[in-house]
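Participant: In terms of this note's numbering, the numbers along the sequence shown are unbroken and rise by one, the last being 1205.
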Amino acid sequence: MISLPSGTRIWLVAGVTDMRKSFNGLGELVQHALDENPFSGHLFIFRGRKGDTIKILWADADGLCLLR
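1. Can you check which of these residues, Asp1199, Gly1200, Thr1145 and Trp1195, is closest to Val1167 by C-alpha distance?
2. In three-state terms, what does DSSP make of Leu1166?
3. If you check the beta carbons only, do Leu1092 and Leu1204 fall under 9 Å apart?
4. State buried or exposed for Pro1175, treating a residue as buried only when at least 16 other CB atoms are found within 10 Å of its CB.
5. What number of angstroms, rounded off, separates the C-alpha of Trp1148 from the C-alpha of Ser1159?
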């Protein structure tokens, strides 16, 4: 279980995301599509084409974490 700091927002990114993207691609999507900072400490959830896969991008004091 991951405990999140208070005030952490959870962003569910609308639409379909290419699940081949990793840290750089998803971080770029957060910056340009959402106009947010991927290192803000918020969670960004991306959905795959079939809807059976998600990726979560999250940054904490230790760096970026990509959960699949």
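The beta carbon of each residue, even a glycine, is placed where N, CA and C say it ideally should be.
Facilitator: The relevant details are as follows:
1. Within the sequence shown, the letter at position 30 stands for residue 1167. Ranking the options by Cα distance to Val1167, first place goes to Trp1195.
2. Stepping through the sequence shown from its first residue, residue 1166 is reached at position 29. In this structure, Leu1166 counts as helix in the three-state DSSP scheme.
3. Since the first residue of the chain shown is 1138 and the last is 1205, residue 1092 is not available in this structure.
4. Sequence index remark: in the sequence shown, residue 1175 carries index 38 (1-based). Result: buried.
5. Residue 1148 sits at position 11 when you count from the first residue of the sequence shown. Residue 1159 sits at position 22 when you count from the first residue of the sequence shown. Going by the C-alpha atoms only, they are around 17 Å apart.
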